[in-house]
Structures are given as structure tokens and as C-alpha cells.
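Quick notes on the structure that follows.
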Amino acid sequence: MSISDAAKALAAGELVILPTETVYGLAGDAANADAVAAIFTAKGRPLFNPLIAHISDAEMARRTGVFDERADALAEAFWPGPLTLVLPVRDDCPVCSEARAGLDTVALRAPAHPVARELIKAFGGPVVAPSANRSGRPSPTTVEDARTETGAAAAVILDGGPCKVGLESTVVALLPGEPTRILRPGAVTREDIAALAGPLSEVGADARRSPGRLATHYAPEAPVRLNAPYPLAGEAYLAFGKAPKAPQVFNLSPSGDLAEAGANLFSMLRAADRTAPRAIAVAPIPMVGIGEAINDRLARAAGFVG
Ligand code: TXA
Ligand code: MG
Numbered sequence: 584m585s586i587s588d589a590a591k592a593l594a595a596g597e598l599v600i601l602p603t604e605t606v607y608g609l610a611g612d613a614a615n616a617d618a619v620a621a622i623f624t625a626k627g628r629p630l631f632n633p634l635i636a637h638i639s640d641a642e643m644a645r646r647t648g649v650f651d652e653r654a655d656a657l658a659e660a661f662w663p664g665p666l667t668l669v670l671p672v673r674d675d676c677p678v679c680s681e682a683r684a685g686l687d688t689v690a691l692r693a694p695a696h697p698v699a700r701e702l703i704k705a706f707g708g709p710v711v712a713p714s715a716n717r718s719g720r721p722s723p724t725t726v727e728d729a730r731t732e733t734g735a736a737a738a739v740i741l742d743g744g745p746c747k748v749g750l751e752s753t754v755v756a757l758l759p760g761e762p763t764r765i766l767r768p769g770a771v772t773r774e775d776i777a778a779l780a781g782p783l784s785e786v787g788a789d790a791r792r793s794p795g796r797l798a799t800h801y802a803p804e805a806p807v808r809l810n811a812p813y814p815l816a817g818e819a820y821l822a823f824g825k826a827p828k829a830p831q832v833f834n835l836s837p838s839g840d841l842a843e844a845g846a847n848l849f850s851m852l853r854a855a856d857r858t859a860p861r862a863i864a865v866a867p868i869p870m871v872g873i874g875e876a877i878n879d880r881l882a883r884a885a886g887f888v889g
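Position one of the sequence shown corresponds to residue 584 (the numbering used here), numbered consecutively onward.
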């Protein structure tokens, strides 16, 4: 199936499995409330959790959300790329209220993956795309994993290869009169955001600000045990750097590279889970740079957050 088939499917209100550089998305026309409802149903996603609208360029973004100086600076520096900006919604915003869960804000991202960019351009308007997993499961980073999770709901499945970043985008809220808040850490790091849009304020457990962060996320079937220097009998193990000799070891990055570990995290969690272990033990991951996002997803996989 081609990009033009996918653009036609979107225009007909159908859904598309879409590769991005972060994770695969389940995409639909952001202006079509029926398509949006089909996305929520396919994912089993609570209706209070809003979707990200993907745009192809700054002009499409500015028709949708209200940019301040911080948003200008971050968009200039990191778009296209793994950064989502939560902005006040424009009155004539093309993203329907259902996609925004009725909020007066809209989440915008310009993806860098060429297939995603070309599809949005061909379609000609914003495309909503949550990660293509069923709600509460790890995000898919390969087309096979996306097909397994929500492929049945999609009219077209686009294969863009394995996702290079492998972790969902950094979500940053930029609201008038409020300090910058990171709602979800990602490959664009805290330091990157602070340098251009600081100072940062912590989120706290405020459902209005961060609706999607309340639910437990990314959980495999097996329990997850964190900061484990080695696996116990019957456990699968996600190593980082030097790997111990054990039966079911998946090395996130033999060289200890955090970007590589991020790219491998979800696919290796799934692979470890498929061995039906007693638990998945995970090596300590340094809390620097993209390590913050990796540790965030691991804490959620272990059920420690929210
Ligand atoms: O990398 C990504 O962001 C991927 C790819 C497909 O682009 N998409 C993704 O979407 O991760 P999703 O729906 O799985 O996560 C979107 C996050 C949720 O935590 C949601 O609550 C938050 O963004 N979000 C969306 N709109 C928001 C808004 N108006 N205010 C606050 N948070 C919002
Ligand atoms: Mg998701």
C-alpha cells in the first residue's frame, strides 16, 4: 500500500498504521470525530486522554495552536523531531474537540520520519496518532508489533522499518502565564528544553495538566524488577553494557549507549515477555539525558507510577 492510498483512507475516515521516528502510531483525520472515536475504541483508550495532532510544517501548526516565544524557539530547534508541544487551541482549530478530550489545549508534533511527513503533506491537514498499542501495553516500534496490537482496525498499514528513537516524544506544556512543564520525558531532554524554554516547573499529579500520565502504561505480561545487577533463576534479563551469562539475556546496548538502549527498550521488553519468564529483571540505567525517559517507561512497566 502506498502513501497516496493511505491519504485516501484518511480522507474516507479510515485509520492508518503510521511509522514515525519515535514509535508506530494509529492515525486518523484529526478533524473527523468518527475517525477519532474509532481510534479510542481500537486502543481501548479512556476518552479523557487526548491525542497528539501531527503536522507537516510550521504553517499547519500555526493554524492549530497559539505559539508563544518558547514554542517558537522549541519548534525551530527540534521540529521535525520527537517533541510534542501542548499549546492553547486556536478558535478555528482543525483538530476536533473529541481528539483533544474537550480540553482548550492542543498537542502538536511534526514527526521527522519521511513516511509520516509525506502522508501528512499528501493528506493536507493534521493527523491524530496515538501510539499504535492497545492502551496500557508497550508502544510498538516495528510494523509487526503495530500490526499485532491494532492492525485489525487499520485500512492501510505503512511499513517504515524499525523506529530509530524507540521512545515516545517528549511532551512539553507551554501555557500562557505558566512556567514550562515537561509532561512526558523523551529523547529531547530536560536540558534541551530548559536551555530554550526554561525555567521548568514540575508537573505533580494534576489530571488537568497531564491526563495521560495517570494510567499505568507500557506493562508487559510478566512482572518487571528494576535496578537488578543480575537475573535470578527463571527471570529474563535486560542488560545495559556488560551482560551476565544467563539463559534469556537481551542487551539494550552492549556499549552502554543510552540512545541505543532507548531504541531497543520496547522491542526487547516484548521479546523478553515472549519467553514467558517469572519476571523481567532490568539492569540499572543511568539517570542522565535520555536515561530519564528510559527510567520513566521502566517505572511504568514495573507499575510504580500512576
Ligand atoms: O512519539 C509520540 O508522541 C507518538 C507518535 C505516534 O507520534 N505518539 C504518542 O501518542 O505517544 P500517545 O497518544 O500514546 O501519547 C500522547 C500523550 C499522552 O500522554 C496524552 O495525555 C498527552 O500526550 N497529551 C495529548 N494532548 C494533550 C493535551 N492537550 N494536554 C496534555 N497532554 C496531552
Ligand atoms: Mg501511548
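Glycine included, every Cβ here is placed at the ideal spot set by N, Cα and C.
Would Leu670 and Leu757 be called neighbours here (beta carbons separated by less than 7 Å)? As a working mapping, residue 670 is identified with position 87 in the sequence shown. As a working mapping, residue 757 is identified with position 174 in the sequence shown. Taking 7 Å as the cut-off, the Cβ atoms of Leu670 and Leu757 count as close.
Evaluate the contact criterion for the region 643-660 versus the region 710-728: three or more CB pairs, one atom per stretch, below 8 Å. no
Mind checking whether the beta-carbon of Ser850 lies closer than 6 Å to any heavy atom of the ligand FAD? Although the ligand FAD was asked about, the structure shown includes only the ligand TXA and the ligand MG as ligands.
By how many angstroms is the C-alpha of Ala616 removed from the C-alpha of Val599? Indexing the sequence shown from 1 puts residue 599 at position 16. Indexing the sequence shown from 1 puts residue 616 at position 33. Going by the C-alpha atoms only, they are around 15 Å apart.
Assign Val619 to one of three DSSP states: helix, strand, or coil. Taking the first residue of the sequence shown as position 1, residue 619 is located at position 36. Annotated three-state conformation of Val619 is helix, per DSSP.
Starting from the C-beta of Pro814, find all residues in its chain whose C-beta is less than 6 Å away, skip the five residues before and the five after it, and write them out in chain order. Taking the first residue of the sequence shown as position 1, residue 814 is located at position 231. So the list reads Tyr820, Ala829, Ala864, once near-sequence residues are dropped.
Tell me whether the beta-carbon of Leu666 lies closer than 7 Å to the beta-carbon of Ser752. For the purposes of this step, residue 666 is taken as the residue at position 83 of the sequence shown. For the purposes of this step, residue 752 is taken as the residue at position 169 of the sequence shown. Yes, the Cβ-Cβ distance between Leu666 and Ser752 is below 7 Å.
Reference Tyr607, options Gly744, Leu835, Phe823, closest by Cα: By 1-based counting over the sequence shown, the position of residue 607 is 24. Each of Gly744, Leu835, Phe823 was checked against the Cα of Tyr607, and the nearest Cα belongs to Gly744.
Just list the residues that DSSP pairs Thr763 with in beta bridges. Taking the first residue of the sequence shown as 1, we reach residue 763 at position 180. Under the DSSP definition of a beta bridge, Thr763 partners with Leu783.
How is Gly608 classed by DSSP in three states: helix, strand or coil? In the sequence shown, the residue the question calls residue 608 occupies position 25. If DSSP states are grouped into helix, strand and coil, Gly608 belongs with the strands.
Span of the beta strand (DSSP E) holding Val832? Stepping through the sequence shown from its first residue, residue 832 is reached at position 249. Segment 832-834, the beta strand (DSSP E) holding Val832.
Report yes if the C-beta distance between Val748 and Thr605 is below 7 Å; otherwise report no. Counted from its first residue, the sequence shown places residue 748 at position 165. Counted from its first residue, the sequence shown places residue 605 at position 22. Against a cut-off of 7 Å, the Cβ pair of Thr605 and Val748 comes out as a contact.
Between which residues of its own chain and Ala644 is the CB-CB distance below 6 Å, once the five residues before and five after are set aside? Taking the first residue of the sequence shown as position 1, residue 644 is located at position 61. Cβ neighbours of Ala644 beyond the five flanking positions: Ile638, Leu691.
Would you check whether the ligand MG has a heavy atom nearer than 6 Å to the C-beta of Pro713? Start at 1 with the first residue of the sequence shown, and residue 713 comes out as number 130. Result yes, Cβ under 6 Å from the ligand MG.
Report yes or no: do three or more beta-carbon pairs, one from the region 831-849 and one from the region 869-889, lie closer than 8 Å? By the C-beta criterion, the region 831-849 is judged to be in contact with the region 869-889, since at least 3 inter-stretch pairs fall below 8 Å.
Contact set for Gly627: own chain, Cβ-Cβ below 6 Å, skip 5 residues either direction: As a working note, residue 627 is residue 44 in the sequence shown. Once the five neighbours on either side are set aside, the close Cβ partners of Gly627 are Arg717, Ser718.
By alpha-carbon positions, which one of Trp662, Gly874, Ile622 ends up nearest to Gly734? As a first step, residue 734 must be located in the sequence shown, where it is residue number 151. For Gly734, the nearest C-alpha among the options comes from Ile622.
Would you mind giving the Cβ-Cβ distance between Ala613 and Pro709, rounded to the nearest angstrom? I have them listed as a contact below 8 Å. What you label residue 613 is simply residue 30 of the sequence shown in a count that begins at 1. What you label residue 709 is simply residue 126 of the sequence shown in a count that begins at 1. The Cβ separation is near 4 Å, so the contact holds.
Cα-Cα, which of Glu652, Pro663, Ala855 is closest to Glu834? Position 251 of the sequence shown, counted from the start, is the residue given in the question as residue 834. Sequence check: residue 834 is Asn here, not Glu. Answer by Cα proximity: Ala855.
What whole-angstrom Cβ distance do Ala780 and Arg683 have, given they're in contact under 8 Å? Residue 780 sits at position 197 when you count from the first residue of the sequence shown. Residue 683 sits at position 100 when you count from the first residue of the sequence shown. At roughly 22 Å, the Cβ-Cβ gap does not stay under 8 Å, so Ala780 and Arg683 are not in contact.
Looking at the secondary structure, which residues open and close the alpha helix (DSSP H) in which Val672 lies? The sequence position of residue 672 within the sequence shown is 89, counting from 1. Unbroken run through Val672: none, as it is neither H nor E.
Element boundaries [alpha helix (DSSP H), containing Ile586]: Counting from 1 along the sequence shown, the entry for residue 586 is found at position 3. It spans 586-594 - the alpha helix (DSSP H) in which Ile586 sits, taken as one unbroken run.
Let's see if you can read the secondary structure: which residues bound the alpha helix (DSSP H) around Arg645? By one-based count along the sequence shown, residue 645 stands at place 62. Its alpha helix (DSSP H) spans residues 641-645.
Buried/exposed call for Thr603, threshold 16 Cβ in 10 Å: Position 20 of the sequence shown, counted from the first residue, corresponds to residue 603. The residue in question, Thr603, is buried, as its Cβ has 16 or more Cβ neighbours within 10 Å.
In terms of residue numbering, what span does the alpha helix (DSSP H) encompassing Ile703 cover? Numbered from 1 along the sequence shown, position 120 holds the residue referred to as residue 703. From DSSP, the alpha helix (DSSP H) with Ile703 extends over 697-706.
Nearest candidate by alpha-carbon position, reference Arg705, set Ala844, Glu818, Lys591: Stepping through the sequence shown from its first residue, residue 705 is reached at position 122. Residue 705 is actually Ala in this sequence, not Arg. Nearest option by C-alpha distance: Lys591.
Return the chain-ordered list of same chain residues with a C-beta closer than 6 Å to the C-beta of Ala862, the five sequence neighbours on each side being excluded. Along the sequence shown, one-based indexing puts residue 862 at 279. So the qualifying residues of the chain are Ala805, Pro806, Arg808, Glu818.
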